[in-house]
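What follows is a single structure, written as structure tokens, with notes after it.
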Amino acid sequence: MATTKKSDLKAGWKSTEFILSAVTALLGLAIAGGFIDIENGANATDKIAGLICSALAAVGYSVSRATVKKAAEENK
């Protein structure tokens, strides 16, 4: 008798990693765009830090999701 294996891999947008990285990316973009007033306004250093946070969130999510998908493929 053949058995089928149920995949435990959730859709990417349903994962906690996606939610946290999206919030971090949006917050970083809001700081970089000057939409969030940090005390007396965001200076150039704050804007650069916001862009770096957004980029790291995106890269972190991509690496995390790739790792999960690779593990799921290996366990099939």
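Using the numbering used here, you'd call the opening residue of the sequence shown number 997 and step up by one each time.
Ideal Cβ positions, reconstructed from N, Cα and C, are used throughout, including at glycine.
Going by beta-carbon coordinates alone, are residue i and residue j separated by less than 9 angstroms?
i, j, result
"Leu-1047", "Gly-1024", "yes"
"Ala-1053", "Ser-1017", "yes"
"Ala-1021", "Asp-1042", "no"
"Ala-1040", "Ile-1032", "no"
Could you pull the start and end residues of the alpha helix (DSSP H) that residue i belongs to?
i, result
"Glu-1070", "1040-1070"
"Gly-1030", "Unbroken run through Gly-1030: none, as it is neither H nor E."
Residue i: which of the options sits nearest, CA to CA?
i, options, result
"Phe-1014", "Asn-1071, Val-1064, Phe-1031, Ala-1068", "Val-1064"
"Gly-1008", "Val-1019, Ala-1045, Ser-1060", "Ser-1060"
"Val-1010", "Tyr-1057, Glu-1070, Glu-1035, Glu-1069", "Checking the sequence, you will find Lys at residue 1010 rather than Val. Nearest C-alpha to Lys-1010: Tyr-1057."
Taking 8 angstroms as the line, does the beta carbon of residue i fall inside it for any heavy atom of the ligand ADP?
i, result
"Asn-1039", "Among the ligands in the structure shown, none appear at all, so the ligand ADP cannot be discussed."
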